[in-house]
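Numbered per my numbering, the sequence shown spans residues 124 to 260.
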Amino acid sequence: MTTGPGLIPTFLYYFVVTTLITAFVVSQQTDMMATGAPYQVGILFGLLAGLTGAYFNRNVSITAAVNDAKAFTQTLTTTLSELGFEQQTTIDSFTVYKRSSLGGLFATKVLVEIEAKAATISGRSHIIKQLQQRLKA
């Protein structure tokens, strides 16, 4: 199952974009491009954004044991709908869930693959953590 960007690509994305934007804004506001100060400030903000983005927005996968695929699918669909997701498409053994609101334009998808005795669920880490907590309860 493809899972999407993991820890390092997510960190690098947030780090690079935030560093460049911050360095540009600081250099325009202070006219201190030659001193290197805008880059130092940019790197600091880039590290903060990179760590935060990598923690919350990296993609993770979990595998759960499944005894009854139909019951598990129903429980999973109900739990995901409580989190604001609705079933989008099903192709072979893969089911895609997506946010139903306008925020869904920028939100992540949750991919589920149900096999004979296991289900693999992939999505953003904060969504998967919420899902794990609700499924255990």
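We put the beta carbon where it would ideally sit given N, CA and C, even for glycine. No experiment lies behind these values; they were computed from the predicted model shown.
query, result
"Tell me the rounded alpha-carbon separation between I244 and P132.", "20 Å"
"Taking the C-alpha atoms as reference points, what is the distance between L258 and T186?", "12 Å"
"Can you tell me whether L234 is helix, strand or coil according to DSSP?", "strand"
"Excluding sequence positions up to five away, which residues of its chain have a Cβ less than 6 Å from the Cβ of A146?", "P161, Y162 and G165"
"Counting C-beta neighbours from all protein chains within 10 Å, is the total for L203 16 or more, i.e. buried, or is it exposed?", "buried"
"Let's test the definition: count the other Cβ atoms within 10 Å of the Cβ of L199 and tell me whether it reaches 16, buried, or not, exposed.", "buried"
"The beta strand (DSSP E) with S245 in it runs from where to where?", "A241 to R247"
"Does A194 pass the burial test, meaning 16 or more other C-beta atoms within 10 Å, or should it be called exposed?", "exposed"
"Taking the straight line between their C-alpha atoms, what separation do you get for F179 and T158?", "34 Å"
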